[in-house]
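*Asks:* Chains as they are written, first to last, in the working numbering: chain A, 12 to 191; chain B, 38 to 616. Ideal Cβ positions, reconstructed from N, Cα and C, are used throughout, including at glycine. Below is one structure. I have some questions about it.
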Amino acid sequence: MQSELQEFTITAYTENHVGLLHRLTIIFTKRKINIESLTTSESETEGIHRFTIAVTETEEQVIKVVKQIEKQVEVLKADYYTKKEVVQQELALYKISTKSLTNGLEVERIVREHNARFLTIEKHFVVIEKSGFRRETMALFDELKPFGINEFVRSGRIAVSRERDGIGKDVEKILAEAAL
Amino acid sequence: MGTVEVPELTSQPKTTATKRMTGAEAMVRILLEENVDMAFGYPGGAIMPVYDALYDHQDTIHHVLARHEQGAIHMAQGYARANGKVGVCLATSGPGATNLITGIADAQIDSTPLVCITGQVNSSLLGSDAFQECDVLGISMPVTKWNYQITRAEEIPQALAKAFYLARTGRPGPVVIDITKDAQFEEFDFAYQKCTSLRSYTPKPKLDLSKVEEAAELINNAERPYVLFGQGVLLANAEKEFKQFIEKTGIPSAWTIMGLSALETDHPLNVGMLGMHGNYGPNLLTNECDILIAIGMRFDDRVTGNLSTYARQAKVIHLEIDPAEIDKNVSADVPVLGDAKESLTELIKHVKPNSHEEWLQRFRDCDKEEWDKVIEEELHPTTDVLSMGEVIRIINKKTNDDHILVTDVGQHQMVACRYTNFSRSKSNITSGGLGTMGFGLPAGIGAALGAPDRTVIAVVGDGGFQMTMQELATIYQTKAKVKVLLLNNEFLGMVRQWQQLFFEKRYSSTELINPDFQQLAKGFYIPTKKVTERENLDKAIEEFINYDGAYFLEVMVGKENNVFPMVPSGSGVAEIRLE
Chain A
12 MQSELQEFTI TAYTENHVGL LHRLTIIFTK RKINIESLTT SESETEGIHR
62 FTIAVTETEE QVIKVVKQIE KQVEVLKADY YTKKEVVQQE LALYKISTKS
112 LTNGLEVERI VREHNARFLT IEKHFVVIEK SGFRRETMAL FDELKPFGIN
162 EFVRSGRIAV SRERDGIGKD VEKILAEAAL
Chain B
38 MGTVEVPELT SQPKTTATKR MTGAEAMVRI LLEENVDMAF GYPGGAIMPV
88 YDALYDHQDT IHHVLARHEQ GAIHMAQGYA RANGKVGVCL ATSGPGATNL
138 ITGIADAQID STPLVCITGQ VNSSLLGSDA FQECDVLGIS MPVTKWNYQI
188 TRAEEIPQAL AKAFYLARTG RPGPVVIDIT KDAQFEEFDF AYQKCTSLRS
238 YTPKPKLDLS KVEEAAELIN NAERPYVLFG QGVLLANAEK EFKQFIEKTG
288 IPSAWTIMGL SALETDHPLN VGMLGMHGNY GPNLLTNECD ILIAIGMRFD
338 DRVTGNLSTY ARQAKVIHLE IDPAEIDKNV SADVPVLGDA KESLTELIKH
388 VKPNSHEEWL QRFRDCDKEE WDKVIEEELH PTTDVLSMGE VIRIINKKTN
438 DDHILVTDVG QHQMVACRYT NFSRSKSNIT SGGLGTMGFG LPAGIGAALG
488 APDRTVIAVV GDGGFQMTMQ ELATIYQTKA KVKVLLLNNE FLGMVRQWQQ
538 LFFEKRYSST ELINPDFQQL AKGFYIPTKK VTERENLDKA IEEFINYDGA
588 YFLEVMVGKE NNVFPMVPSG SGVAEIRLE
């Protein structure tokens, strides 16, 4: 088992329950593990929510955390993945002044080269959208910086596993058994 | 003449017929449906409607009025552990609820089934920092198995059904139900159905028979197998299967403090206590066994000492109900997930009859050494100073080993657990995981009320006793027949022992200048006696045990006696010290 720190994505399928987010974050707080990002949304199954939690930790510790997550009453199934085992993305928004566009085509060129797009162009500002790995969204950030970035936001990591079914299949099975 | 009601035959699950009532009334009806006949608590503004509803059901639900919410919850814990039922605790919002937290944390770490109901401010006031408002859900979340806030009466049946189901099934634990005052007043159409399953919750993992076979093969080929058992055996009611298993295989077995009494003390395969103040052999020989079989225990650090030197030579079989305990502290070569009763029942079929006489003799040799260096002097002191051990020895004699021992936390706890003889299971109630001082007296009251046919002895130290001693009033009010044995050494003894051994005898804030405990007990109308001389001890204990009702016995013991053996904090189990 790997005892050095590495990037992991933890996924949990859960019931939609008030306070469950708190219950899950406590598991990390108790062990002084920093959550790098956390997103939650409805999963492929109606009414079942999905947490995606990004951490940099040892595998040994992550295994224990996943077991604690799965132990929570409203959690149907939890698992963890290394970087290689997931397809992952983040979304970033960059707000810059509209004036930056009027001084030549430089910004447009940068946006095109980074496979980003203009989400909106308003009188005073434009919003650029870019999805990708963190290094990709940050590369765009660095190039836009000289033009003055008024606001910047990056979403948490979202990821799906490279397994054919992932744990979603296990969740389906749990739900099917419960429905009997 | 009354009429006889014939229940209707129906294929539908049994439910209470729908009836209009307040939320508070519904809650009390649910307590009755869940077979609750006793609740412990303390009223206050935000829980008043529930208390008002209880007023109409005094014949069926006995409410025990504690003198502090911490007392109430430790009583509920003592009740649950003596009686086997879910302990129920009631408190008001804000300080009422926060005062429960220590007991909730204690119940969580020691897997005690509790349902705690806390009042909450009106739902319209939530988040406004109203009078006695506190985020009970947030504050109790890290220390509960589950919790839920009710803001509408219609949520009550389902939430409480889940609460009772979750508290008592699987690995038991405390559940908090926080209910706003308006939901208690609100009228709704009440119907109740017990909860029997939840799709996201697996109380008992399905036993994997291949793991059982793997475990059996290891056990059948073992030369020096060794069993460690914990509370899992008691919680699964697996005492009989456990005994069959060790008797068939002839494996020496040692207990954690939470597993104590699952196997009678004088059983030839009971080799004693594990851990920091456990017995010599059980600790030392952990590092000599070839197969370590952990049953319903969680390798707490007080049991293992330094993990890097713990049983490295042994293959580990871990019978456990909670998947999160597997590989948490000690990695298992063969994890057997499941309820201890089911796992042991299967395991017994696959193991071969065996005996390990030579190996068992090693434990007896260690016992002899411990007896000569520690136990003889503790049980039969050669000095004039009374020892805690000799008090426990006389209690064993006077009770015929058939009493419930409740302990607080500290030196007296270690001594009482080491030296009490048990002939019956589920007879030891202590704060094992959290080590909560102040637990003993109220837990003793709860145990006495939960098991009225048993002799309940609450052994407390002078430190812990003073944390919850106001509950003497609850003894007087409820007439709980708890025997309180105060072992007074005028010190916070365990901390003092550490200061002596590891802090150059710098007794920082551990000496207690105590009040007159005799006057105190008298003030609460409890018969009392104080013993300072050995010649009076035997007779005093006899009176203490035989008195029909609560009794307070104070014994002055050696001020600077130490508990040995000891595995110093951070050391390995093989570094256990006898002196």
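In angstroms, rounded to a whole number, what distance separates the CA positions of B:Thr-188 and B:Ser-160?
*Replies:* Roughly 6 angstroms separates the two Cα atoms.
*Asks:* Spatial neighbours of B:Gly-624 within its chain, please: C-beta separation below 7 angstroms, excluding the five flanking residues on both sides.
*Replies:* Outside the shown range of chain B, which is 38 to 616, sits residue 624 of chain B, and nothing can be said about it.
*Asks:* Going along the chain, which unbroken runs of the beta strand (DSSP E) with 3 or more residues stay wholly within the segment 107-146 of chain B?
*Replies:* Qualifying beta strand (DSSP E) stretches, in chain order: 124-128.
*Asks:* Spell out whether any CB of chain A is found under 8 angstroms from the CB atom of B:Arg-236.
*Replies:* At least one chain A Cβ lies under 8 angstroms of B:Arg-236.
*Asks:* Spell out whether any CB of chain A is found under 8 angstroms from the CB atom of B:Pro-211.
*Replies:* No, B:Pro-211 lies away from the interface with chain A (no Cβ there is under 8 angstroms from its Cβ).
*Asks:* In the segment 173-184 of chain B, which residues sit with their C-beta less than 8 angstroms from some C-beta in chain A, listed in chain order?
*Replies:* Cβ contacts with chain A: Leu-174, Gly-175, Met-178, Pro-179, Lys-182, Trp-183 and Asn-184.
*Asks:* If you count every other CB in all the chains shown that lies within 10 Å of the CB of B:Phe-601, and 16 or more means buried, which is it?
*Replies:* Label assigned to B:Phe-601: buried.
*Asks:* Three-state secondary structure (DSSP) at B:Gln-350?
*Replies:* Reduced to three states, the DSSP call for B:Gln-350 is coil.
*Asks:* Can you tell me whether B:Tyr-562 is buried or exposed, with buried defined as 16 or more other CB within 10 angstroms of its CB?
*Replies:* By the 10 Å Cβ count, B:Tyr-562 comes out exposed.
*Asks:* With C-beta atoms as the reference, is B:Pro-262 less than 8 angstroms away from B:Cys-326?
*Replies:* Yes; because the gap between Cβ atoms is below 8 angstroms, this pair is in contact.
*Asks:* Please report the straight-line C-alpha distance between B:Met-112 and B:Gln-503, rounded to a whole angstrom.
*Replies:* The straight-line gap from Cα to Cα measures roughly 16 angstroms.
*Asks:* Alpha carbon to alpha carbon, how far is A:Gly-179 from B:Asp-445? Give it in angstroms, no decimals.
*Replies:* One C-alpha to the other measures close to 48 angstroms.
*Asks:* Shortest alpha-carbon distance to B:Val-212 belongs to which of B:Cys-232, B:Ile-154 and B:Ser-237?
*Replies:* Cα-wise, what sits closest to B:Val-212 is B:Ile-154.
*Asks:* With contact counted as at least three CB pairs below 8 angstroms, one residue from each stretch, are the segment 277-297 of chain B and the segment 385-402 of chain B in contact?
*Replies:* Cβ pair count under 8 angstroms is three or more, so yes.
*Asks:* Do B:Gln-448 and B:Gly-498 have their CB atoms nearer than 8 angstroms?
*Replies:* Yes, Cβ-Cβ distance for B:Gln-448 and B:Gly-498 is below 8 angstroms.
*Asks:* Which chain B residues sit within Cβ distance under 7 angstroms of A:Glu-85?
*Replies:* Correct list: Ser-237.
*Asks:* Hey, is A:His-60's beta-carbon within less than 8 angstroms of any beta-carbon in chain B?
*Replies:* No, no contact with chain B.
*Asks:* Anything in the segment 69-85 of chain A with a Cβ closer than 8 angstroms to a Cβ of chain B? List those residues in chain order, please.
*Replies:* Residues passing the 8 angstroms Cβ filter: Ile-74, Lys-75, Lys-78, Gln-79, Glu-81, Lys-82, Val-84 and Glu-85.
*Asks:* Does the Cβ of B:Lys-542 have 16 or more other Cβ atoms within 10 Å, making it buried, or fewer, making it exposed?
*Replies:* Exposed, by the Cβ-count rule.
*Asks:* Would you kindly work out how many angstroms separate the C-alpha atoms of B:Leu-18 and A:Thr-51, rounded to a whole number?
*Replies:* No answer is possible for residue 18 of chain B: it lies beyond the span of chain B, which begins at 38 and ends at 616.
*Asks:* Tell me, please, whether the CB atom of B:Lys-518 is closer than 8 angstroms to any CB atom in chain A?
*Replies:* By this cut-off, B:Lys-518 is not an interface position.
*Asks:* Just how far apart, CA to CA, sit B:Gly-469 and B:Gly-333?
*Replies:* Approximately 14 angstroms between the Cα atoms of the pair.
*Asks:* Do you know offhand how far A:Asn-114's Cα is from A:Leu-155's?
*Replies:* Those two C-alpha atoms are separated by around 14 angstroms.
*Asks:* Short of 6 angstroms in beta carbon distance, which residues of its chain neighbour B:Ala-331, apart from the five on each side in sequence? Order them along the chain.
*Replies:* Result list for B:Ala-331: Leu-265 and His-355, in chain order.
*Asks:* Who are the Cβ neighbours of B:Ser-392 in its own chain at under 8 angstroms, not counting the five residues just before and after it?
*Replies:* Correct list, in chain order: Gly-287.
*Asks:* In chain order, what residues of the same chain lie with their CB nearer than 6 angstroms to the CB of B:Ile-466, ignoring the 5 residues before and after it?
*Replies:* Once the five neighbours on either side are set aside, the close Cβ partners of B:Ile-466 are Gly-115, Arg-118, Val-443, Ala-480 and Ala-484.
*Asks:* Should B:Arg-66 be labelled buried (16 or more other beta-carbon atoms within 10 Å of its own) or exposed?
*Replies:* It is buried - the Cβ of B:Arg-66 has at least 16 other Cβ atoms within 10 Å.
*Asks:* What do you get for B:His-440, buried or exposed, if any count of 16 or more other CB atoms within 10 angstroms of its CB means buried?
*Replies:* Looking at its Cβ environment, which holds 16 or more other Cβ atoms inside 10 Å, B:His-440 is buried.
*Asks:* Note down, in chain order, each residue of its chain lying with its Cβ closer than 6 angstroms to the Cβ of A:Tyr-92, except the 5 sequence neighbours on either side.
*Replies:* Excluding sequence neighbours, A:Tyr-92 sits near Thr-20 and Ser-172.
*Asks:* I'd like the span of the alpha helix (DSSP H) that includes B:Lys-280, first residue to last.
*Replies:* Here the alpha helix (DSSP H) through B:Lys-280 covers 276-286.
*Asks:* Say whether the segment 132-140 of chain A touches the segment 85-101 of chain A, bearing in mind that this needs 3 or more beta-carbon pairs closer than 8 angstroms, one atom from each stretch.
*Replies:* No, they do not touch.
*Asks:* Less than 6 angstroms between C-beta atoms, sequence neighbours within five positions excluded: which residues of the same chain meet that for B:Tyr-588?
*Replies:* Closer than 6 angstroms at Cβ, skipping near neighbours: Lys-520, Pro-564 and Phe-581.
*Asks:* Taking only beta-carbon atoms, is B:Ala-361 less than 8 angstroms away from chain A?
*Replies:* Yes, because at least one Cβ of chain A sits closer than 8 angstroms to the Cβ of B:Ala-361.
*Asks:* Can you give me the Cβ contacts of B:His-105 inside the same chain, cut-off strictly under 8 angstroms, excluding the 5 residues immediately before and after it?
*Replies:* Excluding positions up to five away in sequence, the list reads Tyr-79, Asn-136, Thr-505, Gln-507 and Glu-508.
*Asks:* For a minimum of 3 consecutive residues, which ranges assigned as the beta strand (DSSP E) are wholly contained in the segment 153-194 of chain B?
*Replies:* Runs of the beta strand (DSSP E) inside the segment 153-194 of chain B: 183-187.
*Asks:* For my contact list, B:Val-123 and B:Arg-208 are in at a C-beta cut-off of 8 angstroms; report their separation, rounded to the angstrom.
*Replies:* Wrong, their Cβ atoms sit about 14 angstroms apart, outside the cutoff.
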